[in-house]
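A.B. asks: Counting with UniProt numbering, you get residues 1 to 291 for the letters of the sequence shown.
First the structure, then my questions, so here it is.
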Amino acid sequence: MRLDEALEQKSAHLHQILTDLGSVLVAYSGGTDSAFLAYAAYQALGDKMLAVIADSPSLPRAELSAALAFTAQHGIPTKVLLTDELDREDYVRNDSQRCFHCKDTLFAAMEVNRQQLGFQHLAYGMNLDDRGEFRPGQKAAALYAAAAPLVTAALTKPEIRALAREAGLTLADKPASACLSSRIEYGRPVTRENLLQVEQAEAALHALGFWQVRVRHHGDLARIEIARPDLPRALTLEVLDQITAALKPLGFTYVTLDTQGYRSGSMNDALTQISLPDHREGHAKQSHVTK
C-alpha cells in the first residue's frame, strides 16, 4: 500500500534532516523507533552514521541478539557500548529519576565516542507521541544536545511503523520493549539478580505463547501484565498452573495476574510526586554544532 502524500513528505523531510546532520551517532535500542531511525540515518549518511547500543544487565540477551541481527541484515554500522549504570548509586536507588540516570550514563559514553570518532552529532529515537509522556530520559538527552530527528520530522509512532513497513523492515510491528529496570517497583534497588528474575520470567511467558507481556517485580510478588486480547487464554486453571510453575522457581513467592492487562508505564501509577532535574551541578550542555 502506497504511503499518502503527507507521510511521503515527512519521510523526505526526515531524510533531509539526517543529511543535514553531516554525521551522527544514533542511540539504538532495537525497538522500532530507534531501529527505523538507524536505518533512515544509514540511508541518508552511509558510513557517516553509527548505531550505538548500550549493553548492560537491564537489556535482555534476546533483545541484544535481535538488535544486532537487524543492523547486520541491513549493513548498518553498529557499536556495542558496555555501560555501568549498575555502579551508580543514583540509578540503583530506583526512584522516579532512574531513567534519567540510565540515559545520562548512555549519552555520556556516547559523547566520549562522538568526540573520539569525530562525529558531529548525537541522535535518539524520540517520536512525536513521546513528548507528553513521563520520560526522564528525554531530560538527559537534552543535556547532551542529542537531536530527535523523528520529532523534527513530526512523525508519530503509527507513522514510523508505516514507514518501517513500507521499507520492508521486519520489526515494523514489534511490540514496545522497555528496559528490564522499568519492571522493578520504584524504591526497590535495581540489582543484577532481580533483573535476571524478570528476564527469565518474561522469557517463560513468551515460551507459553504470550508475547506482549510485562512481569512487574514487587519483591516476593510477581505481577504479570498480559495483553488484554490474550487474557481469556491466560484465565484458565491449566494455563495459570503453567505460569505459576514457570515463575515460582525463579524466586517469587507469589504470582499474580493483573486484571487490567498489559499497559505501558504502569509502574508510574504509584508515583505521587514527579520532579525532573533541570540541570546537574558541574555538567554543561554541549552544542555539537560544527563551526
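C-beta atoms are modelled at their ideal positions from N, C-alpha and C, and glycine is treated no differently.
The model shown is predicted, which means the values in this text are computed figures rather than measured ones.
Is it right to say THR105 is buried, meaning 16 or more other beta carbons lie within 10 angstroms of its own, or is it exposed?
C.D. replies: In the sequence shown, counting from the first residue as 1, residue 105 sits at position 105. That one is buried.
A.B. asks: Counting only C-beta atoms, is LEU235 closer than 7 angstroms to chain C at any point?
C.D. replies: Among the chains in the structure shown there is no chain C, since it carries only a single protein chain.
A.B. asks: Determine which residues share a DSSP beta bridge with ILE224 and list them.
C.D. replies: Sequence index remark: in the sequence shown, residue 224 carries index 224 (1-based). ILE224 pairs with VAL215 and LEU257.
A.B. asks: According to DSSP, is MET110 helix, strand or coil?
C.D. replies: The count along the sequence shown starts at 1 and reaches residue 110 at position 110. The answer is helix: DSSP assigns MET110 an H, G or I state.
A.B. asks: Could you tell me the alpha carbon to alpha carbon distance between PHE36 and GLY46, rounded to whole angstroms?
C.D. replies: The residue given as residue 36 occupies position 36 in the sequence shown. The residue given as residue 46 occupies position 46 in the sequence shown. Near 14 angstroms, if we compare the C-alpha coordinates of GLY46 and PHE36.
A.B. asks: So which of VAL190, LEU7 and LEU50 has the shortest CA-CA distance to ASP84?
C.D. replies: Position 84 of the sequence shown, counted from the start, is the residue given in the question as residue 84. It is VAL190.
A.B. asks: Could you tell me how far apart the beta carbons of HIS74 and ALA40 are, in whole angstroms, since I believe they sit closer than 8 angstroms?
C.D. replies: Position 74 of the sequence shown holds residue 74. Position 40 of the sequence shown holds residue 40. Actually they do not touch by this definition, with Cβ atoms about 11 angstroms apart.
A.B. asks: Quick one: using the 10 Å Cβ neighbour count with 16 as the cut-off for buried, is PRO136 buried or exposed?
C.D. replies: Mapped onto the sequence shown, residue 136 falls at position 136. Classification for PRO136: buried.
A.B. asks: I need the straight-line Cα distance from THR152 to THR236, nearest angstrom please.
C.D. replies: Position 152 of the sequence shown, counted from the start, is the residue given in the question as residue 152. Position 236 of the sequence shown, counted from the start, is the residue given in the question as residue 236. Between THR152 and THR236, the C-alpha separation is close to 47 angstroms.
A.B. asks: Output the boundary residues of the alpha helix (DSSP H) element that contains LYS157.
C.D. replies: Taking the sequence shown and counting its residues from 1, one reaches residue 157 at position 157. Start and end: 157-166.
A.B. asks: So, with DSSP's three-state summary, where would you put VAL80?
C.D. replies: As a position in the sequence shown, residue 80 is number 80, starting the count at 1. Strand, per DSSP.
A.B. asks: Identify every residue that forms a DSSP beta bridge with HIS121.
C.D. replies: The sequence position of residue 121 within the sequence shown is 121, counting from 1. DSSP output for HIS121 lists VAL24 as bridge partner(s).
A.B. asks: Shortest alpha-carbon distance to ARG183 belongs to which of LYS48, ALA67, ASP95 and LEU18?
C.D. replies: Position 183 of the sequence shown holds residue 183. Ranking LYS48, ALA67, ASP95 and LEU18 by Cα distance to ARG183 puts ASP95 first.
A.B. asks: When the Cα atoms are used, what is the spatial distance from VAL213 to TYR262?
C.D. replies: Stepping through the sequence shown from its first residue, residue 213 is reached at position 213. Stepping through the sequence shown from its first residue, residue 262 is reached at position 262. Roughly 6 angstroms between the two C-alpha positions.
A.B. asks: With DSSP as the reference, please indicate the residues paired to MET49 in a beta bridge.
C.D. replies: Your numbering for residue 49 matches position 49 in the sequence shown. Answer is VAL24.
A.B. asks: Let's test the definition: count the other Cβ atoms within 10 Å of the Cβ of LYS248 and tell me whether it reaches 16, buried, or not, exposed.
C.D. replies: Taking the first residue of the sequence shown as 1, we reach residue 248 at position 248. LYS248 is exposed by the Cβ-count criterion.
A.B. asks: Which stretch, first to last residue, makes up the alpha helix (DSSP H) that contains TYR91?
C.D. replies: Counted from its first residue, the sequence shown places residue 91 at position 91. Start and end: 89-92.
A.B. asks: Rounded C-beta distance between SER11 and LEU163? I'm assuming under 8 angstroms.
C.D. replies: Here residue 11 is taken as the residue at index 11 of the sequence shown, counted from 1. Here residue 163 is taken as the residue at index 163 of the sequence shown, counted from 1. Confirmed, Cβ separation roughly 6 angstroms.
A.B. asks: On the DSSP bridge assignment, give the partners of ALA54 in chain order.
C.D. replies: Locating residue 54 in the sequence shown gives position 54, counting from the first residue. DSSP, once it has assigned bridges, lists LEU81 as partnering ALA54.
A.B. asks: According to DSSP, simplified to helix, strand and coil, what is ALA147?
C.D. replies: Indexing the sequence shown from 1 puts residue 147 at position 147. Reduced to three states, the DSSP call for ALA147 is strand.
A.B. asks: Restricting to Cα atoms, I'd like to know which of ARG192, ILE224, ALA146 and SER177 is closest to ILE201.
C.D. replies: Your numbering for residue 201 matches position 201 in the sequence shown. Going by the sequence as given, residue 201 is Ala instead of Ile. Measuring from the Cα of ALA201, the nearest candidate turns out to be ILE224.
A.B. asks: Give me the DSSP bridge partner(s) of ILE184.
C.D. replies: Taking the sequence shown and counting its residues from 1, the one referred to as residue 184 is at position 184. ILE184 pairs with HIS217.
A.B. asks: So what does DSSP say about ARG131, is it helix, strand or coil?
C.D. replies: Stepping through the sequence shown from its first residue, residue 131 is reached at position 131. Reduced to three states, the DSSP call for ARG131 is helix.
A.B. asks: Buried or exposed for ALA38, please, with buried defined as at least 16 other CB atoms from any protein chain shown within 10 angstroms of its CB.
C.D. replies: For the purposes of this step, residue 38 is identified with residue 38 of the sequence shown, where counting begins at 1. Counting Cβ neighbours within 10 Å, ALA38 comes out buried, since at least 16 surround it.
A.B. asks: Using the rule of at least 16 other Cβ atoms within 10 Å of the residue's Cβ for burial, across every protein chain shown, is TYR254 buried or exposed?
C.D. replies: The residue labelled residue 254 in the question sits at position 254 within the sequence shown. Label assigned to TYR254: exposed.
A.B. asks: Say the cut is 6 angstroms; is the CB of SER96 nearer than that to a heavy atom of the ligand SAM?
C.D. replies: No copy of the ligand SAM occurs in the structure displayed, which carries no ligand at all.
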